[in-house]
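S.K.: Next up is a structure, given as structure tokens.
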Amino acid sequence: MNKVSLLAVIEPKMSHTKLRNFGLAVGLNSFMANTKAEKNMWLLWNDNLEVKSMLHFEQAMTVSVSYQGADPVLVTVVYGCCDLLVKEALVGTLTGYFYILCYALVGDGGF
109 MNKVSLLAVI EPKMSHTKLR NFGLAVGLNS FMANTKAEKN MWLLWNDNLE
159 VKSMLHFEQA MTVSVSYQGA DPVLVTVVYG CCDLLVKEAL VGTLTGYFYI
209 LCYALVGDGG F
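Position in the sequence shown (from 1) plus 108 gives the number in this note's numbering.
Next up, the structure:
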């Protein structure tokens, strides 16, 4: 059976004060919430990963993730707004930070 090592929760329907208990309930003992806006994005992981916070925006957060000393990869969690202008600004901001890297922007089709 596979075990989840990294989980992103977008727009949780509970307060971020319950993040620790939620993480432990799903078997993940490390966690962070987006430091911008209403803490509407959570990231949880287990001890086999090293996760470092890199960037936090109102609608996205980026972390560096490495496994057992391997080179880290950047993971960006996006919580997209319905407003097209806000989406375009977010994509422009992320592209500005990651223009020298190979990246893929994956979402619900709203991008």
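Just so you know, even glycine gets a beta-carbon here, dropped at the ideal spot from N, CA and C. Since the model is a prediction, treat every value here as computed from it, not as a measurement.
Report the CB separation of Ala116 from Met149 in whole angstroms; it is logged as a contact under 8 Å.
M.R.: Looking up residue 116 in the sequence shown gives position 8. Looking up residue 149 in the sequence shown gives position 41. Ala116 to Met149, Cβ: 7 Å. Contact.
S.K.: Reducing DSSP to helix, strand and coil, say where Ala141 ends up.
M.R.: Numbered from 1 along the sequence shown, position 33 holds the residue referred to as residue 141. In this structure, Ala141 counts as strand in the three-state DSSP scheme.
S.K.: Should Asn142 go down as buried or exposed, given a rule of 16 or more other Cβ atoms within 10 Å for buried?
M.R.: Along the sequence shown, read from residue 1 onward, the residue named residue 142 stands at position 34. Classification for Asn142: buried.
S.K.: From what residue to what residue does the beta strand (DSSP E) around Glu158 run?
M.R.: Reading the sequence shown from its first residue, position 50 is the one you call residue 158. Element bounds for Glu158: 157-164.
S.K.: Taking DSSP's pairing of strands, which residues face Phe202 in a bridge?
M.R.: Position 94 of the sequence shown, counting from 1, holds the residue named residue 202. One detail in the question is off: residue 202 reads as Leu in this sequence, not Phe. Leu202 is not bridged to any residue.
S.K.: Which partner residues does Val186 have in the DSSP bridge list?
M.R.: As a working mapping, residue 186 is identified with position 78 in the sequence shown. In the DSSP output, where bridge partners are listed per residue, Val186 has Ala168.
S.K.: Apart from the five residues on each side of it in sequence, which residues of its chain come closer than 8 Å, Cβ to Cβ, to Trp153?
M.R.: Locating residue 153 in the sequence shown gives position 45, where the first residue counts as 1. Correct list, in chain order: Ser113, Leu114, Leu115, Leu136, Ser138, Phe139, Val159, Val173.
S.K.: Using DSSP with H/G/I as helix, E/B as strand and the rest coil, what is Leu136?
M.R.: Start at 1 with the first residue of the sequence shown, and residue 136 comes out as number 28. Note: Leu136 maps to coil in three-state DSSP.
S.K.: Identify the residues that DSSP records as bridge partners of Val173: which are they?
M.R.: As a position in the sequence shown, residue 173 is number 65, starting the count at 1. BP columns for Val173 point to Val159, Val181.
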